[in-house]
Each structure stands twice: as structure tokens, then as C-alpha cells.
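K.L.:
When the sequence shown is numbered by this note's numbering, its final residue is 339 and no position is left out of the sequence of numbers.
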Amino acid sequence: MGAQRLIGALLFLGLSLAQGALTLYTSEVLADVNALVEAFRRENPGVEVKVFRSGTGEVVAKVRAELQAGNPQADLLWFANEDFLKELASKGLLRRIPPTVPGYPVQYAPGGGLYYEVRLLYNVIGLNRQRMARPPALWQDLLRPEYRGLLVMPDPNFSGAALATVGTLGGRFGMEFFARLKENGLKVEQSNPVLQQKLARGEYGVAITTDFGLRQEIAKGASLEVVYPRDGAILVPTPVAVPAWSKSPELASRFLRFLLSPEAQAIFAERGYYPVMPGAPRPKGAPERVVSVQGRFADAATLDRFNALFGLRR
Numbered sequence: 026m027g028a029q030r031l032i033g034a035l036l037f038l039g040l041s042l043a044q045g046a047l048t049l050y051t052s053e054v055l056a057d058v059n060a061l062v063e064a065f066r067r068e069n070p071g072v073e074v075k076v077f078r079s080g081t082g083e084v085v086a087k088v089r090a091e092l093q094a095g096n097p098q099a100d101l102l103w104f105a106n107e108d109f110l111k112e113l114a115s116k117g118l119l120r121r122i123p124p125t126v127p128g129y130p131v132q133y134a135p136g137g138g139l140y141y142e143v144r145l146l147y148n149v150i151g152l153n154r155q156r157m158a159r160p161p162a163l164w165q166d167l168l169r170p171e172y173r174g175l176l177v178m179p180d181p182n183f184s185g186a187a188l189a190t191v192g193t194l195g196g197r198f199g200m201e202f203f204a205r206l207k208e209n210g211l212k213v214e215q216s217n218p219v220l221q222q223k224l225a226r227g228e229y230g231v232a233i234t235t236d237f238g239l240r241q242e243i244a245k246g247a248s249l250e251v252v253y254p255r256d257g258a259i260l261v262p263t264p265v266a267v268p269a270w271s272k273s274p275e276l277a278s279r280f281l282r283f284l285l286s287p288e289a290q291a292i293f294a295e296r297g298y299y300p301v302m303p304g305a306p307r308p309k310g311a312p313e314r315v316v317s318v319q320g321r322f323a324d325a326a327t328l329d330r331f332n333a334l335f336g337l338r339r
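1. Could you say which of Ala294, Ala266, Arg296 lies nearest to Pro135 if we only look at CA atoms?
2. With a 10 Å radius around its C-beta and 16 neighbouring C-beta atoms as the bar for buried, classify Asp256 as buried or exposed.
3. State buried or exposed for Glu171, treating a residue as buried only when at least 16 other CB atoms are found within 10 Å of its CB.
4. Inspect the beta-carbon positions of Phe340 and Val84 and report whether they are closer than 9 Å.
5. Near Leu301, which residues of its chain fall below 8 Å by C-beta distance, leaving aside the five closest residues on each side in sequence?
6. Excluding five sequence neighbours on each side, which residues of the same chain lie with their C-beta closer than 6 Å to the C-beta of Lys223?
7. With C-beta atoms as the reference, is Phe203 less than 9 Å away from Val191?
8. Here's a check: name, in chain order, each residue in its chain whose Cβ is nearer than 7 Å to the Cβ of Ala64, leaving out the five neighbours to either side.
9. What are the uninterrupted segments assigned as alpha helix (DSSP H) that are 4 or more residues long and contained completely in the segment 96 to 143, given in chain order?
10. Could I get the ranges of all uninterrupted beta strand (DSSP E) runs contained in the segment 195 to 223, with 3 residues as the minimum, in chain order?
11. Since Tyr147 contacts Ala244 with CB under 8 Å, what's their CB separation in whole angstroms?
12. Going straight from the alpha carbon of Glu313 to that of Pro303, what length do you get?
13. In three-state DSSP terms, what is Arg226?
14. Any idea which residues DSSP pairs Thr235 with across the strands?
15. Please classify Leu167: is it buried, with 16 or more other beta-carbons within 10 angstroms of its beta-carbon, or exposed?
16. Which of the three DSSP states is assigned to Ala323 in this structure?
17. Counting only runs of 3+ residues fully inside the segment 171 to 198, write out the beta strand (DSSP E) ranges in chain order.
18. How would you label Leu163, buried or exposed, when you count the other beta carbons within 10 angstroms and need 16 or more for buried?
19. Can you tell me the Cα-Cα spacing of Glu112 and Leu139, whole angstroms?
20. Can you name the start and end residues of the alpha helix (DSSP H) that Lys87 belongs to?
21. With Leu49 and Ala99 assumed to form a contact (beta carbons below 8 Å), what rounded beta-carbon distance in angstroms separates them?
Put into C-alpha cells, the structure is as follows:
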């Protein structure tokens, strides 16, 4: 009887240690986040994971508003705006998490343990093969007359990945590049998922968008092609960080490390992303090597110029 009581006490202790609540603020695709959350909860029964999901711009605005009100809620931050995380780090508002996962490539933790990449996301060119016969090879090929009126990209006020597109291509070619794209009929949709669905339906022929999202549409049967420009796909920083104000820092750190586990890395690959851990599988149909350039987010002045050009508002 004593042994049974001991076993019961140990089981109770294990369940108690696994219990807790975690709040994640993210701009990642909700279906992908939910798949990861479900896998994490299977390993951590009794843990509740609350998710607030929106575009990067809205997530950052929510964090700013909560900080101003003195009541920040997120235990974990995950979105496409490294500049905002750098801002938080400069104010001592990020918790340093030691890189204890064996084999983790240190280049993916540029914040010195303050934030981590957990998978790679590229901005590429998406092509509807039923609308367009010849794929572009370079970013400036989008200026060809054959693409007139068929071009689309997401709104950089909403999408962090699009903000990186504006900053990176604007820095390389000048904002005149976007003015010429507008002359060639470039349209702006709110988000990558929205424009990818429209691209799949043939409402557009060519898109500046995310590689994983295109692969997800292809997996559904869409006649799309993922084009990695020869002059460099844009590697978009989308790091994960534990804020200093977290009410559940240990649980948040556990979730971050789970994202680097073989199970989570396999989920990323299944859903079209490149994992970061060595030995993890590549997504189906993805090239072994990608020529890329590091994404640079547009600053406020550059974003204002883009908004004026396309009649958008922050």
C-alpha cells in the first residue's frame, strides 16, 4: 500500500509540474502554430497554450499598447520583425535563454541568446503556371511587360515578410523599383495567405510571397511554381523570444526548445518550411540549396514612401 501511495504521489507531482499556462503572440500561420501547440501539449499534458495571432504589424502594435498600459500579457513572442525585438532587447525587456539544444547553428541566434530562429522563411516569386508560361529568374524580371496587371504582393503594414520585401528590394534597387512595379500593375493584398489563394485561383499570375505558403497551396493541388530568384531569395527574420515580463518564463523556454526538437522540426518540414536543425528533413519539393540575401525590414520613412505610392495607411 505504501508503494502505491508513493507511485500516486509521484504521478501527481509529475502532472503538477507539467501544468501551467502559456500565452503566445505570433504572426505565424494559425494552422501551423496549432499543429506545433498540439504536439507540445502531448509532451506536456495539463499545459494550456493561449495564442493571439494576427499580422506582424498588429501583433507589434498590441505589444506596444500593453507595454504603454503597464500590462503586457505575452509569455512568448514570435513574428517577422527582428527590429522590434532589438528595440525590446535594448531596454532589457527580453530574457536570455542559453542555447542548450545540441547542434543548434549559432548563426541563427544573432541576439546572443535573446531570440532564436526555429525555421527558415524565404520571400520568393510565386507563379501560376496556367496564367504564365515563362517564370522570372531575377527580381527585376518582374518589370517585364508580359507580367503587366498580373502582379501582387502583401501589405507591409500588416505582413512582416512584406516589410522585409520593401526594405530589402528598396535598399537594393531604390524605391523607384516599386514605382515601376506599380506602373506594371502591381496590386497589394492584405496578407500572404489571401494572395496565395487568389494566385492559386488564377486571379493573379505572379506574386512576391513566402515559399512555404506556396508549397502548402501546391500540396492542395494548385498549379503553382516556387521560384527562388537567382539574385537571392529574401531570408526573412522570424525569431522567437521570451520577454522579461513573462509570467511563465520556464514554460516559455520549454516551448522555445521544443520548437527545435526533432518532432517540431519535422512538423515545419511537413508544412513547407526549411528547418534549422542539422539532419532535419527538407520540405517536399524544396531545393537542397537556396541562394539568399538577409532580409532587411523597411524603416518608417521607407514604409511611408511605399504607402504614399500605393495609397495605403499604417
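We put the beta carbon where it would ideally sit given N, CA and C, even for glycine.
P.N.:
A quick look at the data gives this:
1. Your numbering for residue 135 matches position 110 in the sequence shown. For Pro135, the nearest C-alpha among the options comes from Ala266.
2. Position 231 of the sequence shown, counted from the first residue, corresponds to residue 256. Within 10 angstroms of the beta-carbon of Asp256 lie fewer than 16 other beta-carbons, which makes it exposed.
3. For the purposes of this step, residue 171 is taken as the residue at position 146 of the sequence shown. Glu171 comes out exposed.
4. Residue 340 is absent from the model: the chain starts at 26 and stops at 339.
5. Translated into the one-based positions of the sequence shown, residue 301 becomes position 276. The amino acid at residue 301 is misidentified as Leu; the sequence shows Val. Taking Val301 as the centre and dropping the five residues before and after it, the same chain places the C-beta of Tyr129, Pro130, Tyr133, Glu142, Val143, Arg144, Leu145, Leu285, Gln290 closer than 8 Å to its C-beta, in chain order.
6. The residue labelled residue 223 in the question sits at position 198 within the sequence shown. Once the five neighbours on either side are set aside, the close Cβ partners of Lys223 are Tyr229.
7. As a position in the sequence shown, residue 203 is number 178, starting the count at 1. As a position in the sequence shown, residue 191 is number 166, starting the count at 1. Contact flag set, yes.
8. Along the sequence shown, read from residue 1 onward, the residue named residue 64 stands at position 39. Hits under 7 Å: Glu288, Ala289, Ile292.
9. Runs of the alpha helix (DSSP H) inside the segment 96 to 143: 107 to 115.
10. Listed in chain order, they are 212 to 214.
11. Taking the first residue of the sequence shown as 1, we reach residue 147 at position 122. Taking the first residue of the sequence shown as 1, we reach residue 244 at position 219. Not quite, the Cβ-Cβ distance comes to about 17 Å (not below 8 Å), so this is no contact.
12. As a position in the sequence shown, residue 313 is number 288, starting the count at 1. As a position in the sequence shown, residue 303 is number 278, starting the count at 1. Rounded to whole angstroms, Glu313 and Pro303 show a C-alpha spacing of 13 Å.
13. As a first step, residue 226 must be located in the sequence shown, where it is residue number 201. In this structure, Arg226 counts as helix in the three-state DSSP scheme.
14. Here residue 235 refers to the residue found at position 210 when the sequence shown is read from its first residue. Partner(s): Asn148.
15. Here residue 167 corresponds to residue number 142 of the sequence shown, with the count starting at 1. Classification of Leu167: buried, given that the 10 Å Cβ count is 16 or more.
16. Here residue 323 refers to the residue found at position 298 when the sequence shown is read from its first residue. DSSP places Ala323 in coil when its eight states are reduced to three.
17. Whole beta strand (DSSP E) segments, 3+ residues: 176 to 179.
18. For the purposes of this step, residue 163 is taken as the residue at position 138 of the sequence shown. Leu163 counts as exposed, since fewer than 16 other C-beta atoms from the protein chains shown sit within 10 angstroms of its C-beta.
19. Residue numbering aside, residue 112 sits at position 87 when the sequence shown is read from its first letter. Residue numbering aside, residue 139 sits at position 114 when the sequence shown is read from its first letter. For Glu112 and Leu139, the distance between alpha carbons rounds to 12 Å.
20. What you label residue 87 is simply residue 62 of the sequence shown in a count that begins at 1. Taken as a continuous stretch (DSSP letters only), the alpha helix (DSSP H) holding Lys87 covers 81 to 93.
21. As a first step, residue 49 is located in the sequence shown; it is residue number 24 there, counting from the start. As a first step, residue 99 is located in the sequence shown; it is residue number 74 there, counting from the start. Contact holds; Cβ gap of about 7 Å.
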